[in-house]
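Working notes for the structure below.
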Amino acid sequence: MAGRLTVRGVSRDVTFRATVLALPEQYVGEGEFVVRMSDFGIPIPRLLIFVAEDPVRVKVKVVARRA
């Protein structure tokens with residue numbers, strides 16, 4: 016799948032693999048991709064000894080009912 020992700024007013028193109036399951040009453044799509052917080056101008060959170068990593072894994076699940 017391909018699309019545009021906007022976080023805090025900053026947009027970036029994203030492309031990722033997804034699976035789509037066609038059920039009798041709905042479609043279910045799932046996928047995941049990795050983005051860097053720094054690409055969106057987000058500072059990396061730091062809390063005492065804990066430091067988050069810049070790459071963040073984003074998981075997507077979409078459920079669409081048939082019309």
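My numbering applies: residue 16 is where the sequence shown begins, and numbers increase by one. For glycine and all other residues, C-beta sits at the position ideal for the given N, C-alpha and C. These numbers come from a predicted model, not from an experiment.
Legend entry - Cβ-heavy atom distance, Val22 to the ligand COA, below 7 Å: What this structure holds is no ligand at all, so the ligand COA is not there to describe.
Inset, instruction - Quickly, what does DSSP pair Phe48 with across the bridge? List them, please. - result: Along the sequence shown, one-based indexing puts residue 48 at 33. Beta-bridge pairing by DSSP links Phe48 to Val73.
Legend entry - Segment contact flag, the stretch 55-64 with the stretch 31-45, C-beta cutoff 8 Å, min 3 pairs: no
Legend entry - Of the listed residues Arg27, Phe31, Gly24, nearest to Met16 (C-alpha basis): One-based indexing of the sequence shown puts residue 16 at position 1. It is Phe31 whose Cα lies nearest to the Cα of Met16.
Legend entry - Among Ala79, Arg81, Gly24, Gly18, the one whose alpha carbon lies nearest that of Met52: As a position in the sequence shown, residue 52 is number 37, starting the count at 1. Of the listed residues, the one whose Cα sits closest to Met52 is Gly24.
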